[in-house]
Amino acid sequence: MEDKDLLKQEPDENLFLSIVEQSQDAIYILFEGKFEYFNRKFSEIFQITLVEANSPDFSMFNLVAPESRHFIEERLKKIAQGEPVEPHYDFIALTMDGRKIVVEVSVSYVPYRGGTASYGILRDVTARKRIEEKLQETKHQQKAILDNIPDIAWLKDR
Numbered sequence: 548m549e550d551k552d553l554l555k556q557e558p559d560e561n562l563f564l565s566i567v568e569q570s571q572d573a574i575y576i577l578f579e580g581k582f583e584y585f586n587r588k589f590s591e592i593f594q595i596t597l598v599e600a601n602s603p604d605f606s607m608f609n610l611v612a613p614e615s616r617h618f619i620e621e622r623l624k625k626i627a628q629g630e631p632v633e634p635h636y637d638f639i640a641l642t643m644d645g646r647k648i649v650v651e652v653s654v655s656y657v658p659y660r661g662g663t664a665s666y667g668i669l670r671d672v673t674a675r676k677r678i679e680e681k682l683q684e685t686k687h688q689q690k691a692i693l694d695n696i697p698d699i700a701w702l703k704d705r
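Letter by letter, the sequence shown follows residues 548 to 705 in our numbering.
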């Protein structure tokens, strides 16, 4: 079968759903402040089920840490006003068990049921951010030491 023939076929919804469910990234669809869908990884990261996320007393802001709420609110205002927003961003999220995590999000906005839905891919980058912070800390310490040595010093790369 040629590649062109594959493009002409109807997409297999079961195959697509299987791919999305097996993804190592969290994938979600958000419409009018409610989750229409999220995959297994999203549920795993945030410790929540789709039923819980769509209960009447749940808000998507339950998953946003207080220090990131203003940032997310501003993004939503811009989107509502038709202003462009950066499709890739990080924020501090809150899991249902109360842990704060840093997440990296890539989001697209697509027409859905007469409105606009957010289709997002989200990744927990907490461990990576910790490593980056430690690396920066080490560089600052190294610079401080070298800046305070009265003699000439240099680093040799092996």
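Note that CB positions come from ideal geometry on N, CA and C, so glycine has one too.
Just so you know, these numbers come straight off a predicted model, no measurement behind them.
Query, Result
"Find the nearest neighbour of residue 614 within the set 647, 663, 623 and 669, judged by alpha-carbon distance.", "647"
"What is the rounded straight-line gap between the Cα of residue 565 and the Cα of residue 574?", "12 Å"
"Less than 8 Å separating the beta-carbons of residue 652 and residue 641?", "no"
"By a C-beta neighbour count over all protein chains shown, 10 Å radius and 16 as the cutoff for buried, is residue 707 buried or exposed?", "Absent from the model: residue 707. The displayed extent of the chain is 548 to 705, so no value can be given."
"Is it true that the CB of residue 637 sits closer than 8 Å to the CB of residue 657?", "no"
"Nearest to residue 609 by CA position, among 635, 689, 581 and 682, is which residue?", "581"
"Who are the Cβ neighbours of residue 605 in its own chain at under 8 Å, not counting the five residues just before and after it?", "599"
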